[in-house]
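Inspection log for the structure reproduced underneath, given as structure tokens.
2 protein chains.
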Amino acid sequence: MGVGDVAKRVLLGRKLRSSQLGETLLPKRIALPVFASDALSSVAYAPDEVFIMLSLAGASAYVWSWKIGIAVALVMAAVVASYRQTVHAYPSGGGDYEVATVNLGATAGTTVASALLVDYVLTVAVSISSGAQYAASAIEVLRGHEATFATILVVVLMAINLRGIRESGTFFAIPTYAFMAATLGMCAFGLLRLAGGSLPQVESAELDIEKAPGFEGSLTTFALMFLLARAFSSGCAALTGVEAISNGVPAFRRPKSKNAATTLFMLGAIAITMMLSIIVLAKQMGLRYVDPHDLDRLTQNGEPLPDGYDQHPVIAQIARAVFNDFTPGFLFVVTVTGIILVLAANTAFNGFPVLGSILAQDGYAPRALGSRGDRLAYSNGIVFLALMAIILIQVFNAETTRLIQLYIVGVFVSFNLSQLGMIRHWTRRLKSEKDAGERARMYRSRVINTVGLTFTAVVLVIVLITKFLAGAWITILAMIVFFAIMRAIRRHYDNVSLELAADEEDKIMPTRVHAIVLVSKLHKPTLRALAFAKATRPNVLEGVYVAVDAGSTDRLLQEWDDRNLGVPLKVLFSPYREVVKPIIDYATQIRKANPRGVVAVYIPEYVVGRWWEQLLHNQTALRLKGRLLFTPGVMVTSVPYQLRSSELARDREEREQGRVRAGDVRRGRVDRTSSDHQVQR
Amino acid sequence: MGVGDVAKRVLLGRKLRSSQLGETLLPKRIALPVFASDALSSVAYAPDEVFIMLSLAGASAYVWSWKIGIAVALVMAAVVASYRQTVHAYPSGGGDYEVATVNLGATAGTTVASALLVDYVLTVAVSISSGAQYAASAIEVLRGHEATFATILVVVLMAINLRGIRESGTFFAIPTYAFMAATLGMCAFGLLRLAGGSLPQVESAELDIEKAPGFEGSLTTFALMFLLARAFSSGCAALTGVEAISNGVPAFRRPKSKNAATTLFMLGAIAITMMLSIIVLAKQMGLRYVDPHDLDRLTQNGEPLPDGYDQHPVIAQIARAVFNDFTPGFLFVVTVTGIILVLAANTAFNGFPVLGSILAQDGYAPRALGSRGDRLAYSNGIVFLALMAIILIQVFNAETTRLIQLYIVGVFVSFNLSQLGMIRHWTRRLKSEKDAGERARMYRSRVINTVGLTFTAVVLVIVLITKFLAGAWITILAMIVFFAIMRAIRRHYDNVSLELAADEEDKIMPTRVHAIVLVSKLHKPTLRALAFAKATRPNVLEGVYVAVDAGSTDRLLQEWDDRNLGVPLKVLFSPYREVVKPIIDYATQIRKANPRGVVAVYIPEYVVGRWWEQLLHNQTALRLKGRLLFTPGVMVTSVPYQLRSSELARDREEREQGRVRAGDVRRGRVDRTSSDHQVQR
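Respectively, the protein sequence lines represent chains F and U. By the working numbering, the letter at position 70 of the first sequence is numbered 70, and the numbering carries on one by one without gaps. By the working numbering, the letter at position 116 of the second sequence is numbered 1116, and the numbering carries on one by one without gaps.
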């Protein structure tokens, strides 16, 4: 346990045990909130972006808003339909990465992986930034400090995930269902009032929007098309997170794929309903919404607005008006929206380690990430994710509108490759499938995926054209960097694999073992090391002592003789108090004298339980081990001696081992006892 | 090589080799500059402090200045004479710590050690702050930024010492001799002009000093005594660093003690001459010098000075006047003074690791500090020293006058305990000595040390009375903290020692060895581990594989059979991709089945050369080793397989090993080849 751990412990208290995880896989009613928060939370910012884009051409362009909403809804329907095919075909939770790798090859797979890595960072940055804006719309004092508040939120999320949090059950269900209820309820109430003709206006309805420079006068058809394309591509931010379920199939109750597909359908239906309702309501309630950088384009009776004017997010404005300034209603809607945005960010903290683990298994990430329980690698991933998100938040001042420009390109890159992969998948399956019913289903699936690809390809092209200079280039650059790193890691593993490929001569056994036991004092650890070394019956066994001063050397030699150990003691002189080098030199010398033998170095080690004790012991042993490993023909044996305090560490390790890890739930990892790795011959 | 090392390498370039150290012990003419810079540099600030203190009672109190100078000189003479006894009696370089420990016991020894630790920090802070003031007196733009400049200087010194610097020869000799020549030359020239009646006035001579609040009117005898006591105790800052030679005796040429004593005498003579000359000149040249916080007490013709007035250090003022504003002369004096102050700070960087090493040998500091070559422990010490000094510099805004209040108490605590120890030493020696001539010499030595103790005890009392509230309490608090830490470390080592004391049953040999070789793949490292394990002829030998997915398990089992290894393979299932726990459980199980046997776990390890390769390999092995050590009855053997890139690391390690360390020179460590640790039976 390092100093950092102590700090973490003090900061975060005791850790959750995985036995608290709950014992079952997720039923649909729980899986929906667990996996839906990312996708559903998009309605908190996607409609806003549509209105911002259209506002460039003045409020009159808002007539296009619901048409754009329908276009986005169509794309979402196509994507949801496509992913329903994926969860059936690839129920292992590998998601887009697996689909692309299996069907299109490693390059496509790593491209998807880079896109996903970037997206996780952006999910955190965008969701938290949007959440900070909602918070600021309800809490006056936060206004102007959104970036700071967002950064604090990310740090808190990081801390919670470092500690280990149970991502399941009520923790997700209550706020997610509350959000659905609040938003759908608000929309229903609003639409009822619309039908009854009593729909009020939002606070910004009395404002006018001046057209942005370049949009004065009537637009050319091309300019209009381009504007609508931009609005549409911004609106497609609503699709982010739809793919989450395809990565979480193992967490579902059986029949997993079917339940996942049903949940996906529910998610799509709810998301589309919410988004369209909000856009229609906002339009009908006279919303005026511009880029927060262009607030001076908002005017009231031809006069510019006062300096302190604050533009609240669309849902906040609708909530305030629909509930006729009934503050509890407004506060409830805004609060649950803020919470679901934080939950959406949290899904990234859960998805990131899962992706890291899958990449590690394929050799694209450090192998240690691949096995559960490498706390360090795992923590590093979470810290890295938080850090990148904080940088983005700070650089873009927590402005969702700016961050959105970076967001969508990654999502659609993986959508596209995944759809293309699915088409290949069906084509391949069709080659071997004979059953007519199966074939019909496959044809149908292929058509769905083809439609999906067509839609997402169009969106990707539009996104690239409209957003490249606005920020998508940053995402693409980051993807290239991730891609290059993953390929380099894989290349390194491949090279090592080649270098290490076994041949026949590797079986040759050393002809003799020359064992040396390092002696610093004649105490229990040394005696144990001597006994263990003796038990291995080496050809030669001797103690080795590095003499740094005459007094202790004499005492040791005397004691050695008195104890009658039956093992000779070799004394290496080291006038300058160096300990490591004489031993290395001696080992090298033995090996030179007998190149076909092996030198076994036994190091007695103290096992202690407290981090500061670690600083006081074993430092020389550690250094020596590190150096000896570079000496060919040497093997290094640590003979541990457990001091009483080591029990502290063992207990801690066991607690640590049983700790919940982010991503556990979505991998379908449930409670287990230590007896579940059966030993088999 | 960690990331930090890479940064260091980029920052600092290649490291010095110890073969560049020079091959000989130090002759007196080189030893003097190496050890004198700390003591001699004190004249750059000690006289200033005397004048500042006296100025409280107005310029008229300056009549006392040279009398105080003589009092300080007397104390210095007594201290030098005392330390000449020490270098003869304790030539091993243990200095005050050794004297106090041997003669007064461990408590006195650790008290001295705490005092020395605090003093090293203060030496850096005071010398560098004073150096920054000299730099500011010559370089206009630095004025007002002394603390920043001083911090930068400390960081540069830290970097140089982390890299390893040769502390010998011309590096020290040229600037130190230049400083002596410049200062003594300036003083001689000034005194000549004084004799000839042509001594000019310093720039501040035309100013008046208003008495400080509380000192108006004529002083009571008590108030005057107290003022003189304060001035005297500040002047005693001139004594700091005198003890350095007693820690460096091993570095001298033979006869070491005699040469060290002679050098000490020369040092004392030069330091006294310089200090007295400077005080006399300053007084005669009409210096007006006040606390830099009280510049408003300086007036000109009754008017306060303009805001921008800058008070230059005493030596700078004298130099400017003596050389009649001949700028090169002034610049030379100020430059060499600045340089020697930096060298003085550097001696602390050299002394700190030496003290740490001695404390480690006695169990008061982490044992790793005791052997040369623990780069990490050693670097941590240097960074710690620099950090503490920077904190002091920042807190006290690099004001020498403030820092001096903290400085002297530590020095005089160790002076006192050391003198007391020497008196005990002679008394003890006299009990057994028969030879009349020897006895006479011992009596004489004891008288000298008694005089030394009397003087230093008086100074310590005066310092405590006059400076406790002004800052000495900080030093005392820090000493208490260091003291407590050292005792706690020692107590821990003692407890462990007790827990580990050997008894007869420890010799009992395990009855059987059950060896398991961890298998992840069937490649060269695994085959080598199997061969090595086989060579130790255990009672049972088996490969152990943790199966995380069926595909790779089948492939491995197939290959295992094909290769006909003659060793069974045990497969442990781990559905949740955990690797460590199944192995721990299995080892525990074997041990339980045979409590008198030992489980030998062989781990094939990749040895790589680049830090990032380290991240990609062995992480699981590392974690596993850490956990296995907590399992009783298990020994863990690393069987290294050196990848080609490991040669890079081996080369680097060898360069590292040959690197110069701060403190090498003063421990008398000279060039050596790898053949100098003879192997003896």
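We put the CB at the ideal spot given by N, CA and C, even for glycine.
Asked                                                                                                                         : Found
Interface residues of the segment 215-227 of chain F facing chain U [CB-CB below 8 Å]                                         : none
Three CB pairs or more closer than 8 Å across the segment 1448-1455 of chain U and the segment 1468-1475 of chain U           : no
CA-to-CA distance, valine 1034(U) to glycine 1022(U), given in whole angstroms                                                : Confidence at glycine 1022(U) is low in this model, with a pLDDT of 37, below 50, so its placement is unreliable and the value that follows should be read with caution. So the alpha carbons of these two residues sit roughly 14 Å apart.
CB of isoleucine 1603(U) within 8 Å of CB of valine 1639(U), strictly                                                         : yes
Buried or exposed by the 16-neighbour rule on C-beta atoms within 10 Å, applied to lysine 283(F)                              : buried
N- and C-terminal bounds of the alpha helix (DSSP H) containing phenylalanine 412(F)                                          : 400-432
Through-space distance from alanine 1389(U) to arginine 512(F), alpha-carbon basis                                            : 56 Å
Start-end ranges of the alpha helix (DSSP H) lying completely within the segment 73-154 of chain F, minimum 4 residues        : 95-104 and 106-138
Contact with chain C by glutamate 1098(U), beta-carbon distance below 8 Å                                                     : Of the protein chains in the structure, F and U, none is chain C.
Valine 1043(U) and methionine 1266(U) closer than 8 Å at C-beta                                                               : no
Exposure of valine 1447(U), with buried meaning 16 or more beta-carbon neighbours within 10 Å                                 : exposed
Residue-chain proximity (threonine 1759(U), chain F), Cβ-Cβ < 8 Å                                                             : No answer is possible for residue 1759(U): it lies beyond the span of chain U, which begins at 1001 and ends at 1681.
Straight-line gap, arginine 627(F) to valine 1634(U) (C-alpha atoms, nearest Å)                                               : 23 Å
Residues that DSSP places opposite glutamine 1300(U) in a beta bridge                                                         : Glu1303(U)
Nearest neighbour of alanine 1550(U), chosen from Ile1209(U), Arg1230(U) and Pro1575(U) [CA to CA]                            : Pro1575(U)
Residue range of the beta strand (DSSP E) that includes glutamate 605(F)                                                      : 598-607
Identity of the residue in Ile1480(U), Leu1162(U), Arg1193(U) and Thr1637(U) nearest serine 1379(U) by Cα                     : Leu1162(U)
Residue-chain proximity (histidine 514(F), chain U), Cβ-Cβ < 8 Å                                                              : no
Cβ of proline 366(F) within 8 Å of any chain U Cβ                                                                             : yes
Exposure of leucine 1012(U), with buried meaning 16 or more beta-carbon neighbours within 10 Å                                : Reliability fails at leucine 1012(U), whose pLDDT of 38 lies under 50, so the model's placement of it is uncertain and no value is given.
Phenylalanine 1532(U): contacting residues in chain F (beta-carbon distance under 9 Å)                                        : Met509, Pro510, Val513, Val598, Ala600 and Met635
Any chain U beta carbon closer than 8 Å to glutamine 558(F)                                                                   : no
Pair within 8 Å by beta-carbon distance, proline 255(F) and serine 92(F)                                                      : no
Buried versus exposed, by CB contacts within 10 Å (16 or more), lysine 592(F)                                                 : exposed
Cβ pair count under 8 Å reaching 3, the segment 1511-1530 of chain U against the segment 1477-1494 of chain U                 : no
Phenylalanine 1149(U) vs alanine 1138(U) beta-carbon contact at 8 Å                                                           : no
Straight-line gap, isoleucine 404(F) to asparagine 397(F) (C-alpha atoms, nearest Å)                                          : 13 Å
Beta-carbon gap between glycine 1095(U) and threonine 1101(U) smaller than 8 Å                                                : no
Inter-stretch contact (C-beta, 8 Å, three-pair minimum) for the segment 348-366 of chain F and the segment 201-213 of chain F : no
Interface residues of the segment 570-583 of chain F facing chain U [CB-CB below 8 Å]                                         : Lys570, Val571, Leu572, Phe573, Ser574, Pro575, Tyr576, Arg577, Glu578, Val579, Val580, Lys581 and Pro582
For alanine 1261(U) and valine 1156(U), the rounded distance between their alpha carbons                                      : 33 Å
Whether leucine 1392(U) touches alanine 1125(U) by CB criterion (8 Å)                                                         : yes
Bridge partner(s) assigned by DSSP for glycine 1543(U)                                                                        : Val1517(U) and Leu1569(U)
Top-ranked residue by Cα proximity to histidine 1617(U), from Arg1288(U), Leu1228(U), Leu1629(U) and Leu1643(U)               : Leu1643(U)
Contact set for tyrosine 1309(U): own chain, Cβ-Cβ below 8 Å, skip 5 residues either direction                                : Leu1295 and Leu1298
Closest by C-alpha distance to leucine 420(F), when choosing among Val99(F), Leu142(F) and Thr466(F)                          : Val99(F)
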